[in-house]
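**Student:** Please read through the structure below; I'll follow up with questions.
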Amino acid sequence: MSEPARPRIRPFKINQLAPNILTVLALCAGLTSIRLALLDRFEQAAAAIVVAAVLDGLDGRLARFLKCATKFGAELDSLSDFVSFGVAPAILLYLWSLRAIGGVGWGVVLIFAVCCALRLARFNTALEDPSRPSWQYNFFTGVPAPAGAMALLLFVFISFDAGDTFWRTSVLNGIWGLTVAFLMVSRLPSFSFKKLRVPRDYVLPLLLVVAAVAALFVSFPWLTLTGFIILYLLGLPFAYRSYGRLRREHLRRPAEATPAAPAQSHVAPPPFAVPPPAAPLSPPQDSAADP
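For the sequence shown, the numbering used here assigns the number 567 to the last residue and increments by one with no breaks.
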């Protein structure tokens, strides 16, 4: 008796694996940042976290563009984000500044890493909410993990060009680390830029701006990155204002009424309608026989 044929598993195309490859590379960059921080090579460690942030911004967009987003890819991305933006920047900041205050500095590291994990867990849960209005997809709830990691290292980036006499102060970095951790788990809305569309008339000016930013980044990488972080933080009040305006418009919008069931018609028949023939009467039957 021959065995039943096993179903063949179709091989994956390389374009279907490309987003996961980028996610794994981002994870490797985050782990490499930890190693470089342990060797006191802080500038290279910070650069590795920046590379991880760039790769993290590409993998999700590539998955949506190729229409190959999977549950496995989403879970892998969350684990990579926790290592690259929750653990690696916290350890870098601890070895660069916070270890001078001992256990208090390590407590800041733990709080930041835990807040990053909670932020990612809340994000994954919100994705499965079917009742979420469409306009809310233009916002994140709280500062996302990559932006939080960049904000945590703000003083590190500044010190690479301005010196670390003041910016390496442990108390300053401890307070700043707790502030960024609070922003990550807060309900403060922030722009997501996922559905941002550029009008046709602004395409050419935008390309010129990108070229100028690229030139600045090549010449002054840390100052340019610092400027982007400051602009992002200054944009949080505008995101809060825009979110509140859209929320008020959504609440003022009348709810769509559900269609009511059609009422039954009780129209009388026309006077000239022929009545239906009556059913023939059956002869009465005696209920019992006569004695």
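The beta carbon of each residue, even a glycine, is placed where N, CA and C say it ideally should be. Source: prediction; values computed, not measured.
Could you tell me if Leu429 is buried or exposed, where buried requires 16 or more neighbouring beta carbons within 10 angstroms of its beta carbon?
**Tutor:** Buried, since its Cβ has 16 or more Cβ neighbours within 10 Å.
**Student:** Please classify Thr502: does DSSP put it in a helix, a strand, or coil?
**Tutor:** Helix at Thr502.
**Student:** With contact counted as at least three CB pairs below 8 Å, one residue from each stretch, are the stretch 323-334 and the stretch 389-400 in contact?
**Tutor:** Contact fails: fewer than three Cβ-Cβ distances are below 8 Å.
**Student:** Pick from Val326, Ile451 and Ala438: whose alpha carbon is nearest that of Gly383?
**Tutor:** Closest option to Gly383, Cα to Cα, is Ile451.
**Student:** Give me the DSSP bridge partner(s) of Pro465.
**Tutor:** DSSP, once it has assigned bridges, lists Thr417 as partnering Pro465.
**Student:** Taking the alpha helix (DSSP H) that Val479 falls in, what are its first and last residues?
**Tutor:** Here the alpha helix (DSSP H) through Val479 covers Val479 to Ser495.
**Student:** In angstroms, rounded to a whole number, what distance separates the CA positions of Pro295 and Leu338?
**Tutor:** If you take the alpha carbons of Pro295 and Leu338, they lie about 6 Å apart.
**Student:** Who are the near neighbours of Phe388 in its chain, counting only those whose CB is closer than 6 Å to its CB and skipping five residues on each side?
**Tutor:** Ala366, Gly453 and Ala457, listed in sequence order.
**Student:** Three or more C-beta pairs under 8 Å: does that hold for the stretch 472-489 against the stretch 417-431?
**Tutor:** The stretch 472-489, when compared against the stretch 417-431, does not touch it at the 8 Å Cβ threshold.
**Student:** Between which two residues does the alpha helix (DSSP H) holding Gly513 run?
**Tutor:** It should be pointed out that residue 513 corresponds to Pro in this sequence rather than to Gly. Note, Pro513: alpha helix (DSSP H), Leu512 to Arg528.
**Student:** Skipping 5 residues on each side, what residues in its chain have a beta carbon closer than 6 Å to that of Leu499?
**Tutor:** Asp437, listed in sequence order.
**Student:** Pull up the distance between the alpha-carbon of Gly379 and that of Ala515, whole angstroms please.
**Tutor:** In a straight line, the C-alpha of Gly379 is about 36 Å away from that of Ala515.
**Student:** Is the stretch 462-474 in contact with the stretch 349-369, if contact means three or more CB pairs nearer than 8 Å?
**Tutor:** Because the criterion of three Cβ pairs below 8 Å is not met, the stretch 462-474 and the stretch 349-369 do not touch.
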